[in-house]
Amino acid sequence: MRMKYGFLCLFLAFASSAYALEAGSPPVLTPLPQQAQAAHLTAQFLQRFHYKPVPLDDVLSARIMNRFIKSLDPDRLIFLQSDIDKFMAGSTKIDDAINQEDLNIPFSIFNVYEQRVVDRMTYARSLLNQKLDFATKEDYALLRDKEPWPQTEAESNDLWRKRVKNDWLRLKLAGKDDAAIRDTLDKRYENSLERAYKYKSDDVFQTFMDAYTTSVDPHTDYFGATASAEFDISMKLSLVGIGAVLQERDDYTTIRELVAGGPAQLSGKLAVGDRIIGVGQGENGPIKEVVGTRLDEIVQMIRGAKGSVVRLDILPADAGPDGKHHVISLVRDKISLDKQAAKQTILSVKDGNTTRRIGVITLPAFYEDFEARRKGDKDYRSASRDVAKLLGELKQEKVDGVLIDLRNNGGGSLAEAIDLTGLFVGKGPVVQQRDAGGEVEVESDDLAAPAWTGPVGVLINRGSASASEIFAAAIQDYGRGVIIGEPSFGKGTVQTVVNLDQVAHNQKPKFGELKLTVAQFFRVNGGTTQLRGVTPDISLPGLADLKTFGESSYDNALPWTQVKPANYKPWGDIQALLPQLQGRHDARVKDDPEYQRFVEDVITLKEQRDKKVISLNETERRNELTAQANRIKARGQANDGIDTGEDDGLQANERSLSADIAIEKARKNAKDILQNEAASIVADEADLQTGTSRAAAK
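Just so we're aligned: 312 in numbering that gives the first Met the number 0 is position 313 of the sequence shown, and the numbers increase by one with no gaps anywhere.
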C-alpha cells in the first residue's frame, strides 16, 4: 500500500509567535538544478522500465497538474478559481518542462499557495475578535473536494468564516469558555500561518514528484533523502539515535516517549515531557539553539553514527520558559523498533465446559533488514524469522490454534511473505509474478516442513495490502486456514526501489530513489489480488470506507485479470467447514452485547461519514450530542474504549501531553472485539477439525 507524505500533516507547529508578522511575505522558493535533473531521469526510467509504461505527454501532464494542486488544496479552501485558471493554462506544458529540466511551473504554483495560506490564516485569526452567531441556521460543508473553488475573495472569506465558526462551536460544545477557545484557535491558526515560512525547496519537489509518480500508477513513488531514510528504517525496524520519540508541542520539541533499552532511557537523564532547546555534535561541538526549528530537521541532527556523541540542551518538563536548563551527553546506538515487530499473546476461548487456547500473532509489517542479509549477518531481522520464534513459543504453550492478525499491515518484503507462508504450508508455490514482457514466474518456498500444522486463521481488514494479501490468498488457496474480516486493500502489484544516484554514477547522493511498479502478483489459483483483494471466508464489520479507501478508489489502478494456476497441492479442505463455522459465528455474535454494540458504532460512524454538511446552529448540535448520549445510555454502555464519536474539539498537539498519552493508552487497552471473535472462530475450527479427525480414525 502506498505510503502517503501529505503536506499539511508533514510538519507540526513551530516558531516564535511573532515570526510570521515580522517576516512579511513568505519566501519565494526556487528549484535546485539537481531536482530538475532527478525529475528528468525519473521520467526516462518510468517510460522505459515501468510495468505499464505511460508516455510523458500532454495527457499525463494534465493529470500531474491536477494531482499537484489537489495535494496542496484537497478541500478547495486555499486557492481561488482565478488561481486555478492560471495554473491550468500551463497544464499541458509540464511534460516539456520535465524533459527540459525546468521545474518553474510547480514552484510558481507553490509560491502562490504559500501566499494564499498566509492570507487565509491571517483572515481566520481576525475573526476571533468578532462575535459569532450560533443561533442562525446555516451549514458547513465537511467535504469540499468536489466543490468548486471560491470565485471571489468574498466567497472565500465566507467559507473561512464558517470553518472558524465550526472550530469554535466544537470547543464550546466540549465545555471551553470563550477566552480559552480564542487562545486555542489563535494558536492553531498562527501555527498554520508560520508553516508557510518554513517550507523548503525539497518540500515542493517531493510533493511535485509524488504527483508525477502517482499519476503513472498508485504505488510508484519518488523518495527524496528524508523519505528514503524513513522507508529504510521501516524495513529494518532499526535506526541509530538516542531512542526517543519526539513531538512538537507549544513551540518546543518535546520528549513524548523513551524507547526501552535506548540510550535516552538507560541514561536516566531524560523524562517524558522534557523539551529540547539545543543540539550539539560531539563532546565539544557548539550547541545550536533549535527552538523554532522544524521537527524533521531536529530529528536529523539527533540521529548519527553509532558510538558518536550528541549533546542536548534540556528544559525540564516542570520548568517554565525561563526555567533552569541543563546540557546532557548521550552516545548514539542502534535502536530496535520493537513496537513494529511481530508479537504474540494467548487468548482463552470458552465454549460451554471447554476452554481452548488460541495463540495470536500480530504482524504490523513484512519487514526485512535487506542490508544485514546481503552482508551475511546470520541474525538479521525479518518478519518470518520473528514469527517462527513466536510459533515455537506457542507450541511450547500447547495452544489449540493460531490466529495471524494482519489488520492494517500494508505489506513490505515479498520474500518475507513467501517465507511466512512456508511456515504454515511447507514447500510449494506461494505466488506468481508476471513482468512487463508477459513472462510468468512462480515463487515458491523451500521449507521442508511447516513450522505449524494446527488450525490457522488470518484476520484481515481494508488496510491489509500487498504482502499481507499474498499470504492470506495462499492460505486460502491451499485450504490451510480460514480468512476472517473485511475485503483486503487490493494491491496486486510489485515494486522495486532504484537508487537514481547509482544509475547516474553520482559519487555523492543528490537524486534520491525511485520506487516503481515492475510486475503484477497472481495467486497460485491463477487469479490476482489486484483491485478485488482477498475476500474473507467469514466477514466481520469494519471501520473503513470501502468507497474511498482501497485499490478500487484509484482512478488509474490496474484491472483484475488472471493467469494459469500454478502446480500446487491443497493442504486441506477448509471450505467444507465454512458452513458450520459461519453458523457458530452467527449464533455467537447474535447474543454478544459487546459485538452488537460494535456493529451499532460502525453503522453510526458510516452515517456520520455520509453526512456532507454539519449544522452551525448550537441548539441543533447540542440536540445531536444529547441523542448520542441517550443512545449510549440506553444500551447501558460506559465509554469502554469503543469510539462513540465524542469530540473535545482539540488537535493532538493542543491537548496536554499526559491527556494525549492517556487517550492513546485507553485505545491500546480497549477490548479488541474483532480479534476476540476471530480467535473464537479459530477455536471452532480446532473443535471441528478434532471431530473430523476422530471420525476419520473410527
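Glycine is no exception: its CB is placed at the ideal position from the N, C-alpha and C atoms.
Next on the checklist: What residue range does the alpha helix (DSSP H) around E438 cover?
Outcome noted: Unbroken run through E438: none, as it is neither H nor E.
Item to check | Coil, strand or helix - Q33 by DSSP | outcome: helix
Checklist entry - Which first and last residues belong to the alpha helix (DSSP H) in which A179 is found? => result D177 to R194
Checklist entry - When DSSP builds the beta bridges, which residues end up paired with G526? => result Q561
Checklist entry - Which residue from A42, R620, T29 and L28 puts its Cα closest to that of F510? => result A42
Checklist entry - Hey, is the region 493-508 in contact with the region 449-459, meaning 3+ C-beta pairs nearer than 8 Å? => result no
Next on the checklist: On a Cα-Cα basis, can you pick out the residue from I334, E247 and E367 that is closest to R187?
Outcome noted: E247
Item to check | 9 Å Cβ cutoff met for M698 and V309 | outcome: There is simply no residue 698 to check, as the chain begins at 0 and stops at 697 in what is shown.
Item to check | Meets three-Cβ-pair contact criterion under 8 Å: the region 354-363 and the region 292-299 | outcome: no
Checklist entry - Since R522 and S487 are thought to touch, with beta carbons under 8 Å apart, how far apart are those beta carbons, to the nearest angstrom? => result Actually they are not in contact, since the Cβ atoms of R522 and S487 sit about 12 Å apart, beyond 8 Å.
Next on the checklist: Between the alpha carbons of G409 and N629, how many angstroms are there, rounded?
Outcome noted: 38 Å
Item to check | Three-way DSSP call (helix, strand, coil) for A22 in this model | outcome: Residue placement at A22 is poorly supported in this model, since its pLDDT is 43, which falls under 50; the coordinates still yield a value, given next. Helix at A22.
Checklist entry - Based on Cα-Cα distance, which residue from G281, L192, E619 and G272 lies nearest to D702? => result Past the boundaries of the shown model lies residue 702; the chain is included only from 0 to 697, so the question cannot be answered.
Item to check | Nearest residue (CA-CA) to P54, options D216, N110, Q674 and N352 | outcome: D216
Checklist entry - What did DSSP end up calling D376 once you bin it into helix, strand or coil? => result coil
Item to check | Between the CA atoms of T452 and K698 - distance to the nearest angstrom | outcome: Residue coverage of the chain in this structure runs from 0 to 697, which leaves residue 698 outside it and unanswerable.
Checklist entry - Looking at E485 and V588, is the spacing between their C-beta atoms short of 9 Å? => result no
Checklist entry - Using DSSP with H/G/I as helix, E/B as strand and the rest coil, what is D220? => result strand
Item to check | Exposed unless 16 or more other CB atoms sit within 10 angstroms - verdict on K130 | outcome: exposed
Checklist entry - Taking DSSP as the reference, what is the three-state secondary structure of T492? => result strand
Next on the checklist: One question on the structure: do Q431 and G525 come within less than 9 Å of each other, judged by their Cβ atoms?
Outcome noted: yes
Next on the checklist: Given this structure, state the Cα-to-Cα distance separating G277 from K338, to the nearest angstrom.
Outcome noted: 28 Å
Next on the checklist: Using 8 Å as the cut-off, can you tell me whether the region 140-154 makes contact with the region 193-205, which would need three or more C-beta pairs spanning the two stretches below that distance?
Outcome noted: no
Item to check | Exposure of G427, with buried meaning 16 or more beta-carbon neighbours within 10 Å | outcome: buried
Checklist entry - Taking the C-alpha atoms as reference points, what is the distance between P535 and V481? => result 8 Å
Checklist entry - For the alpha helix (DSSP H) that K140 lies in, which residues bound it at each end? => result Here residue 140 is Ala; the residue named in the question, Lys, does not match the sequence. No alpha helix (DSSP H) contains A140, which is instead part of the beta strand (DSSP E) from D138 to A140.
Next on the checklist: With DSSP as the reference, identify every bridge partner of Y251, one or two as the case may be.
Outcome noted: R248
Checklist entry - With a cut-off of 9 Å, does the C-beta of Q343 fall near any C-beta of chain D? => result Judged by its chain identifiers, the structure shown contains no chain D, having just a single protein chain.
Item to check | Closest residue to N98 among N407, L45 and R124 (Cα-Cα distance) | outcome: L45
Checklist entry - What did DSSP end up calling S551 once you bin it into helix, strand or coil? => result helix
Item to check | Where G240 sits in the DSSP three-state scheme | outcome: strand
Item to check | Proximal residues to A682 (C-beta, below 7 Å), its chain only, five neighbours per side dropped | outcome: V348, D350, R355, I357, D399 and G400
Checklist entry - Residues in its own chain within less than 7 Å of S90 by CB, not counting five upstream and five downstream? => result S60, A61 and M64
Checklist entry - Anyone know if the C-beta pair for F78 and T206 falls short of 9 Å? => result no
Checklist entry - By DSSP, does L9 sit in helix, in strand, or in coil? => result For L9, the predicted structure reports a pLDDT of 29, less than 50, and the residue's modelled location is therefore unreliable. A value from the coordinates is still provided. Three-state DSSP puts L9 in coil, outside helix and strand.
Checklist entry - Which first and last residues belong to the alpha helix (DSSP H) in which A414 is found? => result L413 to V424
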